[in-house]
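Numbering (the numbering used here), first residue to last: 1 to 642.
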């Protein structure tokens, strides 16, 4: 019991000594701030001199309160239990005094330095200037937000998988050898050309342009130096104001009244030019993705910049006689801003949909659709970068679900993540492996469907495949026909998909004339029903030959091969006219599993030279095409066709 009392007394004594030291420290701080003499004078004035010299802790604390708060009316001695709380209040007040004093000392030092340079009559102006320089625009809120941004900068996830799988050199771009060669050669020339890159999405247009610039910069004699920028923008997101209030592409002028400008410019009413992307791309490349979606008026303004190689600004607030206008702003308004760059636009649209003025100023490069073999090569390349093993069937499976390189990488990346998750969930060991089950699970979750293989070894009557193109992607069009004897001779009816479009309907009428000429029979003697499976709109005459061959087969009973696709416009003389999109149509037929494609004779030069895996036959007349699509000997009951 006595030992507990002694311990309690020791604790009280230790606490009292600690408070004494704290009070003494506060007095030392006040002496450092004001000086010992000034503290004594101030204590005498505040009736605290006897208190600060007292040997009682409570009285010294009261004297400290009078000094710090400068209040002579304070007369209540704090209790021993209240002293820590009072000292905490005094500590906060002394901290404010110290901070205020430090700020005053700093200001006085800066003012003294300024006063050595200027006359005494500018004392007040100098003091205000120092206050602005020291205070600035920063405050607790802005500094807190700055600190938050710095913390956010330090928080980063690992690299995105798309960055890892993105081609790092031109050699990594698959299936675009000719397009890449054309792109690099046009950039390496002493007179580099503006270019438009056509092609389906996900084949590497943007990546090829970026890597081509990097490759050219390292070649001797290139017009681009090592600092040449690559500025990329999406044409679908470019928004601007016709009054040039804002224009991120070309630049704009901010008036000092309504839009505001820098403080020193706004005070004098000087307009402030804001440079656009064309100036940022000076000396390099301006890449506009989906350039076909740009606003036509903005595109015309861009064409003017391409001709002048400068951007000019105007503003009703600009006064060339104003002495407050900085020299760089005067130079911008009077001489313009350099904008000498190479424009590269990319689009998935057909050339005829683009502005003719743009096309006349640009070289045109066409990127090929990716074949299943190309997709498989991309998948294998991505797996090597991920350093992961996979089943040998995985590349083939992925190639059956997409014709886009980007989509193929995404499927593989999802399968990689799924395999990694399952391995860690099961705490498995050994190297990671992507199986075909992982891929099937990914495509099922993404609701993807494999490309339909239309090819069949069984001949059919009244059924054939045409070819179409949409967005540089070829596809197979299934066309079927049924011919039945009319109930009354000469009163047969013709039925055709209304949704197929007027061009396809005209092709039916042309085909009817050719069939009548070849068979020597009136189509009015038959009820003829022609169907474009799927109900798609055929915008063009290229299905004419396929429609005619289908009608011939239906009326004559001739079975047609189901591994042949046909394209071409049919004239009423039976001639097969050239059409567009031959390369894309051949790739589409190959994707659908066709073994042979018939193309117009005049399109023979458009067939790729290094084509593998499919036969291409050029025909000039409908009779020749019909012989090519007949299955075997045409059957025993096939009607003789002249």
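Virtual Cβ for every residue (Gly too), placed ideally from N, Cα, C.
- The beta carbon of residue 458 sits closer than 8 angstroms to the beta carbons of 562 from its chain, once the five residues preceding and following it are set aside; these are given in chain order.
- Partner residues in the beta bridge of residue 362, as assigned by DSSP, are 194.
- A check of alpha carbon separations from residue 47 across 74, 430, 462, 532 identifies 74 as the nearest.
- One thing to note: residue 230 has its Cβ within 7 angstroms of the Cβ of residue 285.
- Using a Cβ distance threshold of 7 angstroms, residue 203 and residue 378 do not count as a contacting pair.
- In the three-state DSSP reduction, residue 445 falls in the helix class (H, G or I).
- When rounded, the separation of the alpha-carbon atoms in residue 583 and residue 466 is 14 angstroms.
- Counting C-beta atoms within 10 angstroms of its own C-beta, residue 594 has 16 or more neighbours from the protein chains shown and is therefore classed as buried.
- By the CB criterion at 7 angstroms, residue 369 and residue 380 fall outside the cutoff.
- With fewer than 16 other Cβ atoms from the protein chains shown falling within 10 Å of its own Cβ, residue 445 counts as exposed.
- By the neighbour-count definition (other C-beta atoms within 10 Å, threshold 16), residue 313 is a buried residue.
- In the DSSP assignment, residue 531 is bridged to 480.
- By alpha-carbon distance to residue 66, the top candidate from 87, 55, 161 is 87.
- Shown here, residue 254 sits in a strand according to DSSP, grouped into three states.
- Residue 195 sits close to residue 365, with the two beta carbons spaced by under 7 angstroms.
- DSSP assignment within the region 359-403 yields the following whole beta strand (DSSP E) runs of 3 residues or more, N-terminal first: 362-366.
- In the three-state DSSP reduction, residue 346 falls in the strand class (E or B).
- Looking at 507, 89, 506, 512, the one whose alpha-carbon comes closest to that of residue 492 is 512.
- Residue 629: member of the alpha helix (DSSP H) spanning 622-629, first to last residue.
- Given a length threshold of 3 residues, each whole run of the beta strand (DSSP E) inside the region 270-352 is given here in chain order: 272-275, 285-289, 342-347.
- Here residue 166 carries a coil assignment [DSSP, helix/strand/coil].
- Ranked by how close their Cα comes to the Cα of residue 397, the residues 388, 387, 415 have 415 in first place.
- Around the CB of residue 318, 16 or more other CB atoms lie within 10 Å, so the residue is classed as buried.
- A residue is called buried once 16 or more other Cβ atoms fall within 10 Å of its Cβ, and residue 417, having fewer, is exposed.
- Apart from sequence neighbours up to five positions away, the residues of its chain that approach residue 179 with a beta-carbon distance below 8 angstroms are 197, 199, 208, 365, 366, 367, 368, ordered along the chain.
- Secondary structure at residue 79: coil, using DSSP grouped into helix, strand and coil.
- When 272, 566, 528 are compared, the shortest CA-CA separation from residue 592 is found for 566.
- In the DSSP assignment, residue 234 forms a beta bridge with 289.
- Where residue 616 is concerned, the enclosing beta strand (DSSP E) starts and stops at 615-619.
- Checking the DSSP bridge columns, you'll see residue 466 partnered with 477, 566.
- In this structure, residue 631 keeps its C-beta atom at 7 angstroms or more from the C-beta atom of residue 545.
- If you look at residue 47, you'll find it isn't in any beta strand (DSSP E); DSSP assigns it neither H nor E.
- Less than 7 angstroms separates the beta-carbon of residue 618 from that of residue 604.
- Assigned with DSSP and collapsed to three states, residue 223 falls in coil, not helix or strand.
- The beta carbons of residue 337 and residue 361 sit about 21 angstroms from each other, so the pair does not count as a contact at 8 angstroms.
- Residue 429 and residue 422 have their C-alpha atoms some 11 angstroms from each other.
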